[in-house]
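Counting from 6, one number per residue, gives the positions in the sequence shown under my numbering. In this text, a Cβ means the ideal position worked out from N, Cα and C, and glycines have one as well. Single-structure report; data block below.
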Amino acid sequence: MGRAQFQAKFAAILAFEARGPLHVGGRREGNVLYALRLPDGRLLVPGSTWKGAFRSIAEKLAPSIPATGPEKLALELAAAGERGRDAYLEKLRGDFEAALKGAATRFDPADVKRVVGELGLDREAGIDAREALEQYLEYYCPVGKLFGNRVRAGSLKFADSVVEAPTFRKPGVGIDRKTGTVKEGVLYFVEAGDPGAPVKLLMVGEVDERGSAASRLLASTLLYVKELGVAVGGKKSTGMGLLELRDARIHVVEYAADKGGAMLAQLLKTKPMGVEEFAAWLEAR
């Protein structure tokens with residue numbers, strides 16, 4: 006698959022504080038849900054947990070992001086949901102098939118040819134237009150550009166976070182989902198880190214184009230986290246796992262301004278931005 010021509014690289018160091026108990030699930034023994042720990046006993050928040058939490062926020066914000074061309078169509082496809090997906094693809098299929106044959110429609114035939122080639126679909130005998138259309142739109146999906154999907158790797162990477170905090174066992178009871186009442190005889194305990202625990206995240210990413218739908222979505226996601234926090238781990242419906250952002254240092258290097266790579270080699274030594282400054286930078290063309 007083709008690789009996007011990225012314009013910049015950034016590293017964000019985000020410092021959070023747990024506003025409630027923090028539980029990222031590990032093993033279960035009897036009626037105790039243990040927290041995920043390192044061998045030395047410290048709590049662990051895996052990068053995959055961070056990625057899922059940030060992706061969930063981005064997916065909620067994506068429909069409100071200004072977009073044009075195939076990015077707009079990709080967002081409309083996502084908004085259609087599973088029930089409306091087939092109908093939406095069928096509506097676009099005729100124009101896409103014409104573009105595959107070189108005709109100008111709402112799709113740019115040259116771009117369709119390029120992307121279909123990068124995805125390797127042009128090497129398949131009897132290319133399926135619907136499948137090619139679906140993959141073409143996934144290629145342009147802003148959420149997919151940031152977090153990845155079946156046709157491309159995401160541009161964001163999340164490191165594991167080690168949390169040094171005392172733990173306790175929070176009691177809970179089983180709930181019958183049909184009746185909404187407490188199940189008799191179902192008592193369990195959740196091992197969790199204390200509220201107030203500091204949690205630091207290192208997020209690294211690349212920016213393909215400032216002002217693009219993907220860049221705007223990243224900006225909106227970070228601003229959301231700044232204002233409302235992010236929930237990670239299990240038992241979020243019971244008020245666990247909410248983290249509030251206390252500090253952010255975001256270091257950026259534009260490739261065009263760093264021909265020799267000296268700045269990129271010392272990325273964390275560049276002057277940091279805050280969330281609002283970085284968001285404005287992402288949204289500017």
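Same chain, Cβ closer than 6 Å to residue i, five either side skipped, listed in chain order
| i | result |
| --- | --- |
| Cys146 | Ala79 |
| His28 | Ala40, Val195, Ala197, Gly238, Gly239, Lys240 and Met245 |
| Asp91 | none |
| Phe163 | Gly52, Trp55, Lys56 and Met208 |
Buried versus exposed, by CB contacts within 10 Å (16 or more), residue i
| i | result |
| --- | --- |
| Thr54 | buried |
| Ile132 | exposed |
| Pro71 | exposed |
| Gln10 | exposed |
| Phe173 | exposed |
| Glu143 | buried |
| Thr73 | exposed |
| Arg157 | buried |
| Pro68 | exposed |
| Leu138 | buried |
Residue interval of the alpha helix (DSSP H) (run including residue i)
| i | result |
| --- | --- |
| Glu288 | Val280 to Glu288 |
| Val29 | That residue, Val29, is in no alpha helix (DSSP H); it is neither H nor E in DSSP. |
| Ser69 | Note, Ser69: premise wrong, no alpha helix (DSSP H); not H, not E. |
Through-space distance from residue j to residue i, alpha-carbon basis
| i | j | result |
| --- | --- | --- |
| Val212 | Glu34 | 44 Å |
| Lys14 | Asp113 | 29 Å |
| Phe261 | Ala16 | Here residue 261 turns out to be Ala, not Phe, going by the sequence shown. Approximately 17 Å between the Cα atoms of the pair. |
| Glu292 | Met268 | In the structure displayed, the chain extends from 6 to 290; residue 292 sits before or after that span and is not available. |
| Gly149 | Glu169 | 33 Å |
| Ala108 | Pro75 | 16 Å |
| Pro171 | Phe21 | 16 Å |
| Pro203 | Ala236 | 14 Å |
| Arg221 | Ala284 | 8 Å |
| Glu249 | Phe152 | 22 Å |
| Arg290 | Glu282 | 14 Å |
Close Cβ partners of residue i (< 8 Å) along its chain, the five nearest in sequence each way excluded
| i | result |
| --- | --- |
| Arg42 | Gly31, Leu48 and Leu49 |
| Glu259 | Gln12 and Ala13 |
Residue interval of the beta strand (DSSP E) (run including residue i)
| i | result |
| --- | --- |
| Leu38 | Val37 to Ala40 |
| Leu272 | First-last for Leu272: undefined, no H or E at that position. |
Own chain residues within Cβ distance below 7 Å of residue i, not counting five before or after
| i | result |
| --- | --- |
| Arg135 | Leu94 and Arg98 |
* Asked: Going along the chain, which unbroken runs of the alpha helix (DSSP H) with 4 or more residues stay wholly within the segment 214-259?
  -> 218-233
* Asked: Fully enclosed by the segment 71-152, which alpha helix (DSSP H) runs are 4 residues long or longer?
  -> 74-105, 114-123, 134-145 and 147-152
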